[in-house]
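Next comes the structure, spelled out in structure tokens:
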């Protein structure tokens with residue numbers, strides 16, 4: 001599984017400095033859950049947050065997370081939390097932080113990143 005700068009967690013109360021508030025009722029995440037203010041519903045936040053749904057017993061393929069350090073849409077802290085949870089549960093996971101990259105852009109198709117992606121896919125398919 002490859003995660004390019006995905007919105008994987010809404011557990012942290014607006015501690016992620018992004019241009020989008022991910023917890024308000026009119027946010028993409030709030031609208032997905034029926035226009036719910038997620039700041040007031042920790043149970044729904046846990047259901048939406050990938051790291052809260054992984055345990056040692058969870059069957060999950062190897063994961064490669066790729067995120068930019070300057071992402072203004074989805075902060076890297078969610079990806080970091082997911083990576084740490086995967087490792088804590090003994091899952092195979094790799095994490096690439098691209099210095100200076102925003103949410104998408106040419107940095108994600110640089111030769112260095114494509115080389116890492118290619119190696120990961122070949123490893124998983126071997």
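Numbering (the UniProt record's numbering), first residue to last: 1 to 126.
The beta carbon of each residue, even a glycine, is placed where N, CA and C say it ideally should be.
Just so we're clear, the structure is a prediction, and the values are computed from it rather than from any experiment.
Original post:
Looking at residue 7 and residue 40, is the spacing between their C-beta atoms short of 8 Å?
Top reply: As a first step, residue 40 is located in the chain shown; it is residue number 40 there, counting from the start. As a first step, residue 7 is located in the chain shown; it is residue number 7 there, counting from the start. Cβ atoms of residue 40 and residue 7: not closer than 8 Å.
Subject >> Coil, strand or helix - residue 123 by DSSP >> reply: Taking the first residue of the chain shown as position 1, residue 123 is located at position 123. Residue 123 falls in the helix class under three-state DSSP.
Original post:
In or out: residue 48 buried (at least 16 other Cβ within 10 Å) or exposed?
Top reply: In the chain shown, counting from the first residue as 1, residue 48 sits at position 48. So residue 48 counts as buried.
Original post:
Does the Cβ of residue 69 have 16 or more other Cβ atoms within 10 Å, making it buried, or fewer, making it exposed?
Top reply: For the purposes of this step, residue 69 is identified with residue 69 of the chain shown, where counting begins at 1. Label assigned to residue 69: exposed.
Original post:
Who are residue 63's beta bridge partners in DSSP?
Top reply: Translated into the one-based positions of the chain shown, residue 63 becomes position 63. Partner(s): 93.
Original post:
In chain order, what residues of the same chain have a beta carbon less than 6 Å from the beta carbon of residue 99, not counting five sequence neighbours either side?
Top reply: Translated into positions along the chain shown, residue 99 becomes position 99. Excluding residues within five positions, the ones whose Cβ falls inside 6 Å are 69.
Original post:
Which same chain residues, not among the five before or five after residue 12, have their C-beta less than 7 Å away from its C-beta?
Top reply: On the chain shown, position 12 is the one that residue 12 refers to. Contacts found: 77.
Subject >> For residue 71, the nearest candidate out of 2, 102 and 82 (CA to CA) >> reply: Residue 71 sits at position 71 when you count from the first residue of the chain shown. With distances taken between Cα atoms, residue 71 lies closest to 102.
Subject >> Which of helix, strand or coil DSSP assigns to residue 54 >> reply: What you label residue 54 is simply residue 54 of the chain shown in a count that begins at 1. It is coil, neither helix nor strand.
**OP:** Rounded to whole angstroms, what's the CA-CA distance from residue 65 to residue 75? Just pull it up for me.
**Re:** Position 65 of the chain shown holds residue 65. Position 75 of the chain shown holds residue 75. Rounded to whole angstroms, residue 65 to residue 75 spans 13 Å at the Cα level.
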